[in-house]
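Q: The opening position of the sequence shown corresponds to residue 66 in our numbering, with each subsequent residue numbered one higher. Cβ atoms here follow ideal geometry from the backbone N, Cα and C, with glycine treated the same way. All values reported here derive from a predicted model rather than from experimental measurement. Structure below; questions to follow.
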Amino acid sequence: MELDWKNLGFNIMSTDYNVRCVFRNGKWGELEVSSDETIPIHIGATCLHYGQESFEGLKAFTGADGKIRLFRHDENAKRMQTSARGILLAEVPVSLFMEAVEKVILLNKKFVPPYGTGASLYIRPLLFGSGPEVGVRPAKEYTFLVFVMPVGPYFKTGFKPVNMMICRDHDRAAPMGTGHLKVGGNYAASMSSILEAHEKGYATAIYLDSRERKYIDECGPANFFGIKGNTYVTPRSNSILPSITNMSLQTLAENMGMKVEKRPVPLEELAEFDEAGACGTAAVITPIHKVFDPGKDVTYTYGDASNPGPVITKLYETLTGIQKGDLEDPFGWTKILD
Ligand SMILES: Cc1ncc(COP(=O)(O)O)c(C=O)c1O
């Protein structure tokens with residue numbers, strides 16, 4: 066099999082195996098390997114009716130040494146537990162989550178993109194209420210499964226600046242809702258505004274806080290950060306997903322001698338940043354060139370259209386260098402799979 070590794074987009078693709086496990090009668094069963102890409106599901110399953118589902122997204126990379134490296138999967142395991150507590154799913158033990166992720170990668174080894182292609186293996190764990198209920202209450206049965214596919218960059222440009230648009234007519238999450246959880250409903254709520262941004266020629270929509278619409282929340286499927294002098298600034302908000310990439314970048318910024326500020330970021334502060342970016346597993350770091358605010362008819366501009374700024378470039382090179390094993394990993398973030 067020869068895939069065109071360098072030209073992969075962020076698209077669904079079939080691989081050989083997935084792994085699955087069912088929670089029934091109060092306990093998790095055996096982890097099973099399947100080559101079926103479909104699931105038989107009860108027509109009354111709570112995931113179908115009441116959105117009782119959570120997912121995760123993480124990546125594995127091939128290093129120059131040919132070894133597969135997995136990035137911070139313990140953090141994804143913990144975040145899925147937080148999501149489970151939030152919408153009353155059965156929690157997947159961290160050890161089961163990590164075992165499932167490692168197993169499905171090794172089963173699909175031939176789909177892990179080679180070093181130097183810029184591509185990676187995207188891993189998608191999924192947890193949902195598979196038991197039937199017709200009243201609004203949590204299911205008694207849950208299914209946890211993990212599948213994988215090789216991917217290229219999420220934003221077509223890769224590590225090239227993009228333009229984004231502030232979303233003025235839609236909220237993705239409520240102030241005390243589920244925005245901090247990785248649950249499907251948030252994504253359903255974001256689709257129309259992301260599509261509208263695409264139709265208008267923007268890479269994605271930037272959401273404002275849904276209480277006052279004064280502060281930056283996040284950028285489509287990624288967190289926002291700005292660079293101001295020697296400071297890394299990123300929003301603190303109850304309605305954004307705590308990004309593992311953002312958490313890693315904050316550590317790297319501190320390690321580079323920068324100050325890190327995690328606090329509400331007023332919209333007007335967009336005018337004060339030297340550089341701005343979106344970060345996430347899929348987005349990695351996507352530099353932002355322009356932010357258009359249709360509410361005020363203002364455009365904020367960072368750097369030039371084709372070159373990411375120097376701080377963002379350094380952060381990108383350090384993060385991806387650690388992920389691929391080109392740089393030392395002083396934080397113990399990567400696990401080599403044998
Ligand atoms: C809404 C949202 N925000 C932020 C992120 C980035 O999080 P992470 O860096 O953990 O992938 C994601 C992607 O997972 C996301 O879907």
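(1) Taking a contact to mean a Cβ-Cβ separation below 8 Å, would you say G345 touches S304 in this structure?
(2) Leaving out five residues on either side along the sequence, give the residues of the same chain with a beta carbon under 6 Å from the beta carbon of H107.
(3) Under the criterion of a Cβ to heavy atom distance below 7 Å, does L306 qualify as lining ligand 1?
(4) Using a Cβ-based criterion (distance less than 7 Å to any ligand heavy atom), does P286 qualify as near ligand 1?
(5) List the residues that DSSP assigns as beta-bridge partners of W93.
(6) Which two residues bound the contiguous alpha helix (DSSP H) that contains D139?
(7) Have a look at P300 and I231 and give me their C-alpha separation to the nearest angstrom.
(8) Find the nearest neighbour of S148 within the set D139, L246, G266, judged by alpha-carbon distance.
(9) Just the Cα atoms here: how many angstroms apart are V98 and L161?
(10) Can you tell me where the alpha helix (DSSP H) holding P375 begins and where it ends?
(11) Can you list, in chain order, the residues of its chain whose CB lies under 7 Å from that of S185, leaving out five sequence neighbours each side?
(12) Kindly give me the distance between the Cβ atoms of T399 and L135, rounded to whole angstroms, as I take these residues to be in contact under 8 Å.
(13) Tell me the residue span of the beta strand (DSSP E) that contains Y187.
(14) May I ask which residues mark the beginning and end of the beta strand (DSSP E) holding T399?
(15) Going by the C-beta, is T383 closer than 7 Å to any heavy atom of ligand 1?
(16) Measuring CA to CA, which of M145, Y280, L314, Y272 is closest to R189?
(17) Taking DSSP as the reference, what is the three-state secondary structure of K327?
(18) Give the straight-line distance between the Cα atoms of R137 and G397, rounded to the nearest whole angstrom.
(19) What residue range is occupied by the uninterrupted beta strand (DSSP E) comprising V169?
(20) Confirm the yes/no value for this check: CB of C344, any heavy atom of ligand 1, distance under 7 Å.
(21) Counting only runs of 4+ residues fully inside the region 214-267, write out the alpha helix (DSSP H) ranges in chain order.
(22) Could you tell me if the beta carbon of G217 falls within a distance shorter than 7 Å of some heavy atom in ligand 1?
(23) Would you list the one or two residues that DSSP bridges to G345?
(24) Spatial neighbours of F212 within its chain, please: CB distance less than 6 Å, with the 5 preceding and 5 following residues excluded, ordered by chain position.
(25) How would you write the range of the alpha helix (DSSP H) that Y115 sits in, first residue to last?
A: By the coordinates alone:
(1) no
(2) P197
(3) yes
(4) yes
(5) F88
(6) 138-152
(7) 15 Å
(8) L246
(9) 14 Å
(10) 375-389
(11) K124, A125, F126, P178, V216
(12) 7 Å
(13) 185-194
(14) 399-402
(15) no
(16) M145
(17) strand
(18) 8 Å
(19) Not the beta strand (DSSP E): V169 falls in the alpha helix (DSSP H), residues 159-172.
(20) yes
(21) 249-264
(22) no
(23) V349
(24) N83, R189
(25) 111-115
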